[in-house]
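Here the structure is laid out as structure tokens; the discussion comes afterwards.
Protein chains: 2
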Amino acid sequence: MGHRLDDVSAPARLAGPDEGISQEELALAARNHGIPLEALRYDVTPPGLHYVLTHYDIPYAEEDTWRLVLGGRVRRRLRLGVDELKTYPALTQRVTLECAGNGRALLTPRPVSQPWLVEAVGTAEWTGVPLRVLLAEAGVEPGAVEVVFTGADHGVERGVEQDYQRALPLVVALGDDPEVLVAYAMNGAPLPPQHGYPLRLVVPGWYGMAHVKWLRDITVTDTPFTGFQQAVAYRLRQYAGDGGEPVTRIAPRALLIPPGFPDFMSRTRVVSPGVVALEGRAWSGRAQVTGVEVSWDEGRSWYAADLDRGSGHRWAWRPWRFDWAATPGHHVLSARATDAEGHTQPLEQPWNRGGFANNLVQRVPVLCRDPDDTA
Amino acid sequence: MGHRLDDVSAPARLAGPDEGISQEELALAARNHGIPLEALRYDVTPPGLHYVLTHYDIPYAEEDTWRLVLGGRVRRRLRLGVDELKTYPALTQRVTLECAGNGRALLTPRPVSQPWLVEAVGTAEWTGVPLRVLLAEAGVEPGAVEVVFTGADHGVERGVEQDYQRALPLVVALGDDPEVLVAYAMNGAPLPPQHGYPLRLVVPGWYGMAHVKWLRDITVTDTPFTGFQQAVAYRLRQYAGDGGEPVTRIAPRALLIPPGFPDFMSRTRVVSPGVVALEGRAWSGRAQVTGVEVSWDEGRSWYAADLDRGSGHRWAWRPWRFDWAATPGHHVLSARATDAEGHTQPLEQPWNRGGFANNLVQRVPVLCRDPDDTA
Numbered sequence: 001m002g003h004r005l006d007d008v009s010a011p012a013r014l015a016g017p018d019e020g021i022s023q024e025e026l027a028l029a030a031r032n033h034g035i036p037l038e039a040l041r042y043d044v045t046p047p048g049l050h051y052v053l054t055h056y057d058i059p060y061a062e063e064d065t066w067r068l069v070l071g072g073r074v075r076r077r078l079r080l081g082v083d084e085l086k087t088y089p090a091l092t093q094r095v096t097l098e099c100a101g102n103g104r105a106l107l108t109p110r111p112v113s114q115p116w117l118v119e120a121v122g123t124a125e126w127t128g129v130p131l132r133v134l135l136a137e138a139g140v141e142p143g144a145v146e147v148v149f150t151g152a153d154h155g156v157e158r159g160v161e162q163d164y165q166r167a168l169p170l171v172v173a174l175g176d177d178p179e180v181l182v183a184y185a186m187n188g189a190p191l192p193p194q195h196g197y198p199l200r201l202v203v204p205g206w207y208g209m210a211h212v213k214w215l216r217d218i219t220v221t222d223t224p225f226t227g228f229q230q231a232v233a234y235r236l237r238q239y240a241g242d243g244g245e246p247v248t249r250i251a252p253r254a255l256l257i258p259p260g261f262p263d264f265m266s267r268t269r270v271v272s273p274g275v276v277a278l279e280g281r282a283w284s285g286r287a288q289v290t291g292v293e294v295s296w297d298e299g300r301s302w303y304a305a306d307l308d309r310g311s312g313h314r315w316a317w318r319p320w321r322f323d324w325a326a327t328p329g330h331h332v333l334s335a336r337a338t339d340a341e342g343h344t345q346p347l348e349q350p351w352n353r354g355g356f357a358n359n360l361v362q363r364v365p366v367l368c369r370d371p372d373d374t375a
Numbered sequence: 001m002g003h004r005l006d007d008v009s010a011p012a013r014l015a016g017p018d019e020g021i022s023q024e025e026l027a028l029a030a031r032n033h034g035i036p037l038e039a040l041r042y043d044v045t046p047p048g049l050h051y052v053l054t055h056y057d058i059p060y061a062e063e064d065t066w067r068l069v070l071g072g073r074v075r076r077r078l079r080l081g082v083d084e085l086k087t088y089p090a091l092t093q094r095v096t097l098e099c100a101g102n103g104r105a106l107l108t109p110r111p112v113s114q115p116w117l118v119e120a121v122g123t124a125e126w127t128g129v130p131l132r133v134l135l136a137e138a139g140v141e142p143g144a145v146e147v148v149f150t151g152a153d154h155g156v157e158r159g160v161e162q163d164y165q166r167a168l169p170l171v172v173a174l175g176d177d178p179e180v181l182v183a184y185a186m187n188g189a190p191l192p193p194q195h196g197y198p199l200r201l202v203v204p205g206w207y208g209m210a211h212v213k214w215l216r217d218i219t220v221t222d223t224p225f226t227g228f229q230q231a232v233a234y235r236l237r238q239y240a241g242d243g244g245e246p247v248t249r250i251a252p253r254a255l256l257i258p259p260g261f262p263d264f265m266s267r268t269r270v271v272s273p274g275v276v277a278l279e280g281r282a283w284s285g286r287a288q289v290t291g292v293e294v295s296w297d298e299g300r301s302w303y304a305a306d307l308d309r310g311s312g313h314r315w316a317w318r319p320w321r322f323d324w325a326a327t328p329g330h331h332v333l334s335a336r337a338t339d340a341e342g343h344t345q346p347l348e349q350p351w352n353r354g355g356f357a358n359n360l361v362q363r364v365p366v367l368c369r370d371p372d373d374t375a
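This is the structure in structure tokens:
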């Protein structure tokens, strides 16, 4: 037996037909976490309840000595401390962030990776400097095509040793819709370690993989980036050799705040007959959510919910509500979002080998108790 | 099919011999979370990295309207708002808190419940009013034997609908070693929702189940409490009908900060040959930790680590360190704590049906790369 990285870093695979969640998947589930669904009640997710995914380790960082380098195809290389970044005009945006792998563990067959169910989401107020302001100051050279972002988290993945890196097309990096941020604050406080302290990228509307944490380098390039997280991971492939399309913006999704109270182990909900307020959130990174429907019969019938369009936060989830007349029996609640471009959520799983961008409708099993039954 | 709680709330069970982690266990792992082991580097765990376990839902609470009632076998019933509690002299204690089910998912056979590996731990500075001060003001009546604490979280568990409730013996509730707190602050800020906002109990040295969150009622009783979480759950049973001993104080445990860098999926660590600083934390709720040993050969040989005894925080974990001379090859690192009463950690699993108080030594697989090997 050799002593090589390949010994400890296996290729991607799909779980077998009857294969339960493995201890490796569980180890990821135990360190990363989703939002407890009842926390969907908050417009802005309180600290510690926002979903977290870290590929490698959370790096140890000190703000005083942290330097962000902006280089590559620019006229003037920048090297900025966090205090210097704070001298630029700051922008705060409320952004709903979702992991590209959300829903993966519900797929058949199941791609073996971070085993999310539906809860890899959260909304925060991010404060920082628009990336386009920094790029303008550095002066992007003709011929530039992409901007590569490097984080301080280091590890090996599918045999490839790497710092976490992702790129954005230059047009996105220079744009103001969405306004890409180099962020140093979350909900008005310094970034928590697990959210990228002291600096991270925020790319409103894009899945989480684009929001590079522990950001230490920004490089403008004149060739497309072919690093692992761009060319190997985060692509929508149907088979192993498929080139696939890149994962980019967030597909629409609605989630319910599970009503009533839960069973500890099954998480099945218990309600009483009568009007039960169904509430939740809906979002899309492609266009504004324009409609939410609910169902309590496993998706056979759908009813329009009241959607709140008033918040003015373009990149944040919208609350919705429906008064359900619950009757005794077993029900499965679902919600389905549609956005202004007509994208909606499928009732059959949208499968790909990475389990990415999967916005299958949520299923919330509910028992409505019969008041004449005594247990 | 009826419409009863038993339909959705099954009895406790053990996983079958080849049964992977179920989707129900995964749902608990996705909403609750452990400490990412690299966060053991912090003396006090930053917000959002401390382990969290919630039996039911996180209740929605507002500090202004919250009332804590202290009644039962007392001369004078108290009804206190959070502002009133803050007028009492405050005490701050640094406390390491561990879930009683930590390590459960590593057991064979595996009790089906929240599937912790080793990471259900964290350390915080808790600020509040000593419980004995409140009990003294209320005046405990003769004949009292226990104090029952009720939280606002409501659910059904193994068929039993309940608010979360636990009791302490009167002698513990009235004692000052440990100093039991009714806490309203964590690390100098209001409690986060998932840690019991606005009020929780803190019982230094005891497993997490005793630290009742969303505390709304304290009742002094003249009979022992027989509620679900006291008489059914949280007991050390060898078989289903076994009365079992109650789970109380935290058994000693040491954990390593995994050295080097990880593989994303297997979490195996990669280091280079030479001196590798092994660091970690060790704690016991029974007595001070007096020694930590490390091993890199699956527990066959043990070497004494340097234990820092200087912090003065009786109920917090202690840091330790050992300089390991890593050589190329595959290793399994472990650490083992011993406390002043001679309690230590077993190399063979201490099994019980609930998977409680299991302090089997941690195993951290490490690849030390051969510098002559190129991949």
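Taken in order, these protein sequences are the chains called A and B.
Okay, so the first sequence: first residue is 1 according to my numbering, each after it adds one.
Okay, so the second sequence: first residue is 1 according to my numbering, each after it adds one.
All C-beta atoms, glycine included, are put in the ideal place defined by N, C-alpha and C.
Computed from a prediction, not measured in an experiment: that's the story for all the values here.
Chain A places no beta carbon closer than 8 Å to that of residue 300/B, leaving this residue out of the contacts. Taken in chain order, the members of the region 95-111 of chain B whose beta-carbon sits within less than 7 Å of a beta-carbon on chain A are 105. DSSP links residue 82/A through a beta bridge to no other residue. In this structure, residue 117/B lies near residue 105/B, with their beta-carbon atoms less than 8 Å apart. Neighbourhood of residue 3/A in chain B, by CB distance below 8 Å: 328, 329, 330, 367, 368, 369, 370 and 373, in chain order. For the pair of segments examined, the region 306-316 of chain A was found not to touch the region 356-365 of chain A: the number of CB pairs separated by less than 8 Å stays below three.
Relative to residue 141/B, the option among 126/B, 72/B and 93/B whose CA is nearest is 72/B. Sorting 272/B, 253/B and 249/B by C-alpha distance to the C-alpha of residue 260/B places 272/B at the top. Taking 8 Å as the threshold, the shortest C-beta distance from residue 66/A to chain B does not fall below it.
One thing to note: residue 115/B has its Cβ within 8 Å of the Cβ of residue 25/B. Counted as a single uninterrupted DSSP element, the alpha helix (DSSP H) harbouring residue 26/B occupies residues 23-31. DSSP assignment within the region 292-334 of chain B yields the following whole beta strand (DSSP E) runs of 3 residues or more, N-terminal first: 318-326. Rounded to the nearest angstrom, the Cβ distance from residue 103/B to residue 45/B is 19 Å, too far for a contact under 8 Å.
Ranked by Cα distance from residue 229/A, the options 197/A, 328/A and 210/A are led by 210/A. Positions of the beta strand (DSSP E) runs, each at least 3 residues long and wholly inside the region 109-142 of chain A, are given as 121-130 in order along the chain. Contact annotation: residue 337/A and residue 284/A have beta-carbon atoms nearer than 8 Å.
By the beta-carbon neighbour count (other beta carbons within 10 angstroms, threshold 16), residue 215/A is buried. For residue 229/A, no chain B residue has a C-beta closer than 8 Å to its own C-beta; the minimum C-beta separation is roughly 11 Å. Following the DSSP letters along the chain, one finds residue 210/B in no alpha helix (DSSP H), marked with neither H nor E. Secondary structure at residue 158/A: coil, using DSSP grouped into helix, strand and coil. Pairing residue 304/B with residue 292/B, the inter-Cα distance amounts to about 6 Å. Separation of residue 301/B and residue 332/B (C-alpha to C-alpha, rounded to the nearest whole angstrom) is 11 Å. Put simply, of 15/B, 4/B, 151/B and 342/B the residue whose alpha carbon is nearest the alpha carbon of residue 66/B is 151/B.
Look at residue 248/A here: in three-state DSSP terms it is coil, with no helix or strand label. Residue 227/A and residue 167/A have their alpha carbons spaced roughly 9 Å apart.
Boundaries of the alpha helix (DSSP H) harbouring residue 173/A: 170-174, taken from the DSSP string. With contact defined as three or more Cβ pairs closer than 8 Å, the region 177-185 of chain B and the region 235-245 of chain B are not in contact.
Any Cβ of chain A closer than 8 Å to the Cβ of residue 31/B would place that residue at the interface, and such an atom is present. Within chain A, 47, 48 and 192 have C-beta atoms less than 8 Å from the C-beta of residue 47/B, given in sequence order. Under the three-state reduction of DSSP output, residue 105/A falls in the helix class.
The beta carbon of residue 339/A sits closer than 8 Å to the beta carbons of 252, 284, 286, 287, 288, 289 and 290 from its chain, once the five residues preceding and following it are set aside; these are given in chain order.
For the region 207-230 of chain B, the beta-carbon criterion of a distance under 7 Å to any beta-carbon of chain A is satisfied by none of its residues.
For residue 272/B, no Cβ of chain A is located within less than 8 Å of the residue's own Cβ. With respect to residue 155/A, residue 169/B sits apart: the two C-beta atoms are not nearer than 8 Å. Within the region 52-83 of chain B, contact with chain A at the beta-carbon level (separation under 8 Å) is assigned to 52, 54, 55, 56, 57, 58 and 60. Think of a sphere of 9 Å around the beta carbon of residue 275/B: no beta carbon from chain A falls inside it, the nearest being about 18 Å out.
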